[in-house]
Structures are given as C-alpha cells and as structure tokens.
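This report refers to the structure that appears directly beneath it.
Take a look at the structure:
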C-alpha cells in the first residue's frame, strides 16, 4: 500500500544531543510537511518542501532543520534538543500542495528528551 | 489571517448516541477549503472530508455527516449512532486558495463509552 512511513516511532535523546527523524513516502507526492504536535494541541507546521523548494514557517526555531535529498525522503534534524522539544513529530505529504489537496500523514515519531 | 476554532475540547458520549463536533472558521478569502481529519490513539491523522467554499451542500457518508454553513462560518461534523471505534481526536482545518498549507483547529477529543 502506498503510504507515509516514519522512523523511528519512538526516539529518546539527551538534552543537547543532535537527533534526526526520518520520513519516506511511496505516494510520489510533490509536497512534504513536518509538524510538531504537543499533547492536546493542534499540529504546528514547522516547514514544508514543495519539490526541492524549502519553505520555513516564520516562527520555527533555527534549532530545527530539514533535508529532502529526493522525492521520497525527508529528514528533520534537531540540532540541540531542549526539554521543550519533546513532542510528537508528524510527517505529511500532499499531491501538489494545492489548497484543495488533502494531506496524508505518517504515524509520527514521539520524541523524548532526557 | 485565517483561524479555525473548535470550541469543544472534549466530548464524552455513550455508544449509539449521536454527537456533533463544532468547527467555526475565519478567513477573508472567498475561495477556501475546509477539511476534517481523525486522529485515533495510534497517532496517524486520517483525512475524512474536504469541502470548497462554493459548495454548501451537506454530505453524508455512512454514519458521518457534515453541515457547511457559510452564513455562520461553520463546518460541523455529526456522527450518528456513535461507536467505540469513533473515539479519537478530530481536527477541522482550513486552506485558503493559493496556500500550500492548512490551519488546524485545536481538535476535539471524542470518547465513546460502551
């Protein structure tokens, strides 16, 4: 089945230790998104790629970076995780990123910072 | 600026009861799209429905129905004869024409008790 895959599902890292979360998709969608979701809150968009074009949200901290080496893969790098970065990180895709395109989500990676 | 409000933070019902989840939105655009997503305990958001601003026709899909009213800027979601499997967090989202991203409401946590 075509899908959005996130690895790992659970990640524990130490305060200040860089961590990378990965996302892959078999949908061949043009757009990939990274969201941060904390308990009982809406997903908060960090950035998205429209093909190779990177689009950062204005309020995304510099601590968060992303790479998209090809259509299928996208990575979220947290350079120096703080306790406040503990959250669920959701990857999503959409076909062309048009306003009417629905998003397809992965199962998320739950990040714990110790 | 666009905004989505889901005033009901949590709703608890007993199985077979009908339940309506409210969604109120704000936008200055005349062309926009509204979505509902379901996030079960497993974490993966699942697309349920899309509506464009020019189509106020209500929609029914099995036990699910949606009522879109531009006059009140609302896009409410009703589950008829609720089941335990309907327990999840439900998000309403809005995309303005030309935007490659959606604004999500804070979600409504629905618990259906047997």
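Residue numbers (my numbering), protein chains in the order written: chain Y, 26 to 139; chain S, 155 to 268.
Cβ coordinates follow ideal geometry from the N, Cα and C atoms, glycine included.
All figures in this text were calculated on a predicted structure; none of them were measured in a lab.
- Partner residues in the beta bridge of residue 264(S), as assigned by DSSP, are 165(S) and 242(S).
- Where residue 119(Y) is concerned, the enclosing beta strand (DSSP E) starts and stops at 112-119.
- Residues of chain S whose Cβ lies closer than 7 Å to the Cβ of residue 70(Y) are, in chain order, 255.
- The way I'd put it, the stretch 43-59 of chain Y does touch the stretch 97-113 of chain Y; three or more beta-carbon pairs between them come closer than 8 Å.
- Along the stretch 84-100 of chain Y, there is no position whose C-beta sits under 7 Å from a C-beta of chain S.
- By the rule that beta-carbons nearer than 8 Å mark a contact, residue 79(Y) does not touch chain S.
- Against chain Y, the beta carbon of residue 249(S) has neighbours under 9 Å at 123, 124, 125 and 126, listed in chain order.
- Per DSSP, the unbroken beta strand (DSSP E) holding residue 136(Y) starts and ends at 134-138.
- Look at residue 185(S) here: in three-state DSSP terms it is coil, with no helix or strand label.
- Residue pairing of residue 73(Y) in beta bridges, as defined by DSSP: 58(Y) and 80(Y).
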